[in-house]
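Same order as they appear, the protein sequences are chains C and P. Sequential numbering of the first sequence, starting at 40, is according to this note's numbering. Sequential numbering of the second sequence, starting at 40, is according to this note's numbering. No residue lacks a Cβ here, since even glycine has one placed at the ideal position from N, Cα and C.
There are 2 protein chains.
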Amino acid sequence: MPALDICFSPELLPLYELPGKVAVVVDILRATSSIVTALAAGVTHVVPFSELEECRAMAAKGYLTAAERDGQQAEGFDLGNSPFGYLDGGLPVLGRAVAITTTNGTRALHLSLAADAVVIGAFLNLEAVADFVRQQGKDVVIVCAGWKGRFNLEDTIFGGALAERLQADFDTTGSDATLAASQLWQQAKPDLAAYLLQSAHVRRLNGLEAHQDMAFCVQLDTYDLLPIWRDGRLVAN
Amino acid sequence: MPALDICFSPELLPLYELPGKVAVVVDILRATSSIVTALAAGVTHVVPFSELEECRAMAAKGYLTAAERDGQQAEGFDLGNSPFGYLDGGLPVLGRAVAITTTNGTRALHLSLAADAVVIGAFLNLEAVADFVRQQGKDVVIVCAGWKGRFNLEDTIFGGALAERLQADFDTTGSDATLAASQLWQQAKPDLAAYLLQSAHVRRLNGLEAHQDMAFCVQLDTYDLLPIWRDGRLVAN
Numbered sequence: 040m041p042a043l044d045i046c047f048s049p050e051l052l053p054l055y056e057l058p059g060k061v062a063v064v065v066d067i068l069r070a071t072s073s074i075v076t077a078l079a080a081g082v083t084h085v086v087p088f089s090e091l092e093e094c095r096a097m098a099a100k101g102y103l104t105a106a107e108r109d110g111q112q113a114e115g116f117d118l119g120n121s122p123f124g125y126l127d128g129g130l131p132v133l134g135r136a137v138a139i140t141t142t143n144g145t146r147a148l149h150l151s152l153a154a155d156a157v158v159i160g161a162f163l164n165l166e167a168v169a170d171f172v173r174q175q176g177k178d179v180v181i182v183c184a185g186w187k188g189r190f191n192l193e194d195t196i197f198g199g200a201l202a203e204r205l206q207a208d209f210d211t212t213g214s215d216a217t218l219a220a221s222q223l224w225q226q227a228k229p230d231l232a233a234y235l236l237q238s239a240h241v242r243r244l245n246g247l248e249a250h251q252d253m254a255f256c257v258q259l260d261t262y263d264l265l266p267i268w269r270d271g272r273l274v275a276n
Numbered sequence: 040m041p042a043l044d045i046c047f048s049p050e051l052l053p054l055y056e057l058p059g060k061v062a063v064v065v066d067i068l069r070a071t072s073s074i075v076t077a078l079a080a081g082v083t084h085v086v087p088f089s090e091l092e093e094c095r096a097m098a099a100k101g102y103l104t105a106a107e108r109d110g111q112q113a114e115g116f117d118l119g120n121s122p123f124g125y126l127d128g129g130l131p132v133l134g135r136a137v138a139i140t141t142t143n144g145t146r147a148l149h150l151s152l153a154a155d156a157v158v159i160g161a162f163l164n165l166e167a168v169a170d171f172v173r174q175q176g177k178d179v180v181i182v183c184a185g186w187k188g189r190f191n192l193e194d195t196i197f198g199g200a201l202a203e204r205l206q207a208d209f210d211t212t213g214s215d216a217t218l219a220a221s222q223l224w225q226q227a228k229p230d231l232a233a234y235l236l237q238s239a240h241v242r243r244l245n246g247l248e249a250h251q252d253m254a255f256c257v258q259l260d261t262y263d264l265l266p267i268w269r270d271g272r273l274v275a276n
């Protein structure tokens, strides 16, 4: 039976052997939730960048550009890191490509590329992730983006939620990280939004917009869509 | 109000600013539990080493030597990593000095030395740690030794237990790591030994001796004794 493990921070990723495994990159608030939403809204593909300047330069190639630093939209970009940027009422995004850079999510993705397959996870596409992972039948590592390298609750409980969906087919009790994430998920599950209101990151993302984003990002299975890394870009699988 | 934070792995310690703070190093199974027990049994001081050879060489200076690698006593040493090595029936330890090297605990300790004060925490001396930290009134970082750099449950729930003891005087909700540890502690608290039987590390430490050690190490407040780092050695405060 293949095993599911959870890496709580990109800084710990060197301790995990990724070749031969599937990596599920998660940054619930808000990078991976936004990427799922973008592709669901008809964006053709998403290219992640580490640096603001490289990302901004993609505008000249016809890309929409999206950037977040410390929770805020960076100056000179079309979009920030809110999933609502891709929904009705914002910029037209259908058929466009998007270049993004975010504080934590991009880093987690780039560090995960040694895996056999790299996919993007969020509560919004939880079952699509579970389906793909079941089909692959390989060991899976959930790579939590965290907050500037530190543990965070929202990515951790996503790990617990995915472990629950996969428990019939995967060993989801082989590491203490998985056990802890599963227990925390059980506490969070009855009311995800209320649970996450206590988290340090959510308190940091103050204000109405942030709370609207959070309420959106904790919805389960809104999109049957799996972003996958292919030829240097994220596309719908 | 000073803050309490928890670092789940020595690999994440570079993200924590230790100067000006108190570091509480914890490796429940079993390094810090054994160090507390050793000093309580009349050992004069404990010197930790990273390498087996340096540690073994201390025998020539009259030290008892203690070494563990991958959960087993290393060959050619007086003691392993069991707290029972310092209790009645083992070697006479009263008035002796001990040189130790362990897989995870020694590393966590050495990486913590930038803190204003470095103390050793275990369930066995939980209230002694809480007392010291309250008296200092500085920010505190609990440094979990983990397992080869990874998150583990036993050190994490110690963090939650200490947070509970300090919640009247410290901000114990400022980081997601502290929130998670506190929630896991609440689940573990009714029966610590039963809770830890599920952990990956405890399952790894198979056999009767390991379970006796575990049952010993989860006792609360057995010793009113605080090992503190002073002049290159751990002594009773």
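| query | result |
| --- | --- |
| Give me whichever residues DSSP pairs with V157 (chain P) in a beta bridge. | P:A62 |
| So that I know if they touch, is there some Cβ in chain C lying closer than 9 Å to that of T149 (chain P)? | At residue 149 (chain P) the sequence reads His, which differs from the Thr that was named. No, no contact with chain C. |
| So, is the C-beta of F198 (chain P) closer than 9 Å to a C-beta in chain C? | In the sequence as displayed, the identity of residue 198 (chain P) is Gly instead of Phe. No, G198 (chain P) does not count as interfacial toward chain C. |
| Taking C-alpha atoms, which residue in C:D170, C:T145 and C:K60 lies nearest to D263 (chain C)? | C:D170 |
| Determine, for T211 (chain C), whether the minimum Cβ-Cβ distance to residues of chain P falls below 9 Å. | no |
| Could you run through the segment 213–238 of chain P and flag, in chain order, every residue whose CB is less than 8 Å away from some CB of chain C? | G213, S214, D215, A216, L218, A219, Q222, L223, Q226, Q237 and S238 |
| Can P266 (chain P) and I67 (chain P) be called in contact, C-beta distance under 9 Å? | no |
| Which first and last residues belong to the beta strand (DSSP E) in which W186 (chain C) is found? | Careful: W186 (chain C) lies outside any beta strand (DSSP E) and carries neither H nor E. |
| Within 10 angstroms of the Cβ of Q222 (chain P), are there 16 or more other Cβ atoms? Answer buried if so, exposed if not. | buried |
| Per DSSP, what kind of secondary structure is R138 (chain P) in: helix, strand or coil? | Note that residue 138 (chain P) corresponds to Ala in the displayed sequence, not to Arg. Strand at A138 (chain P). |
| Can you list, in chain order, the stretches of the beta strand (DSSP E) that have 3 or more residues and sit fully within the segment 165–230 of chain C? | 179–183 |
| Could you check whether the Cβ of L279 (chain C) sits closer than 9 Å to any Cβ belonging to chain P? | The shown model of chain C, from 40 to 276, leaves out residue 279 (chain C), and the question about it has no answer. |
| Going by DSSP, what residue range makes up the alpha helix (DSSP H) through R242 (chain C)? | A239 to R243 |
| Taking 9 Å as the CB-CB cut-off, is Q89 (chain C) touching chain P? | Note that residue 89 (chain C) corresponds to Ser in the displayed sequence, not to Gln. So, not an interface residue. |
| Beta carbon of V132 (chain P), beta carbon of L163 (chain P): below 9 Å? | no |
| How would you write the range of the beta strand (DSSP E) that D252 (chain C) sits in, first residue to last? | Note, D252 (chain C): premise wrong, no beta strand (DSSP E); alpha helix (DSSP H) at L247 to C256. |
| Where V182 (chain C) and E50 (chain P) are concerned, what is the direct C-alpha to C-alpha distance, given to the nearest angstrom? | 16 Å |
| Tell me the residue span of the beta strand (DSSP E) that contains L273 (chain P). | R272 to A275 |
| Closer than 9 Å between beta carbons: that is the criterion. Which residues of the segment 72–85 of chain P meet it against chain C? | none |
| Are the segment 58–65 of chain P and the segment 196–206 of chain C touching, with three or more C-beta to C-beta distances below 8 Å? | no |
| If you pair each beta-carbon of the segment 80–96 of chain P with each one of the segment 236–252 of chain P, do three or more pairs fall below 8 Å? | no |
| Drop a sphere of 10 angstroms on the beta-carbon of D270 (chain P), count the other beta-carbons inside from all chains shown, and report buried for 16 or more, exposed for fewer. | exposed |
| Between the beta-carbon of K187 (chain P) and the beta-carbon of L126 (chain C), is there less than 9 Å? | no |
| DSSP beta-bridge partners for H84 (chain P)? | P:A136 |
| Mark M253 (chain C) as exposed unless 16 or more other C-beta atoms lie within 10 angstroms of its C-beta, in which case mark it buried. | buried |
| Are the beta-carbon atoms of F255 (chain P) and S89 (chain P) separated by less than 9 Å? | no |
| Assign G101 (chain C) to one of two classes, buried (16 or more other C-beta atoms within 10 Å of its C-beta) or exposed (fewer than that). | exposed |
| How would you list, in chain order, the residues of chain C whose beta-carbon sits under 9 Å from the beta-carbon of E56 (chain P)? | Near E56 (chain P) there are no residues of chain C at all, since even the closest Cβ is about 13 Å away, more than 9 Å. |
| Looking at chain P, which residues of the segment 165–190 of chain C have a Cβ within less than 8 Å of any of its Cβ atoms? | W186, K187, G188, R189 and F190 |
| Can you name, in chain order, every residue of its own chain whose Cβ lies under 8 Å from the Cβ of G129 (chain C), other than the five neighbours on each side? | L118 and F123 |
| Would you report the Cα separation of L91 (chain P) and T140 (chain P), rounded to the nearest angstrom? | 7 Å |
| Are there 16 or more other CB atoms within 10 angstroms of the CB of D44 (chain C), so buried, or fewer, so exposed? | buried |
| Excluding the five sequence neighbours on either side, which residues of its own chain have a C-beta within less than 7 Å of the C-beta of R14 (chain C), listed in chain order? | Lying before the first or after the last residue shown, residue 14 (chain C) is absent from chain C, which here runs from 40 to 276. |
| CB E166 (chain C) to CB L52 (chain C), shorter than 9 Å? | no |
| Can you tell me which of C:R69, C:L273 and C:F190 puts its alpha carbon nearest to the alpha carbon of A161 (chain C)? | C:R69 |
| Let's test the definition: count the other Cβ atoms within 10 Å of the Cβ of R189 (chain C) and tell me whether it reaches 16, buried, or not, exposed. | buried |
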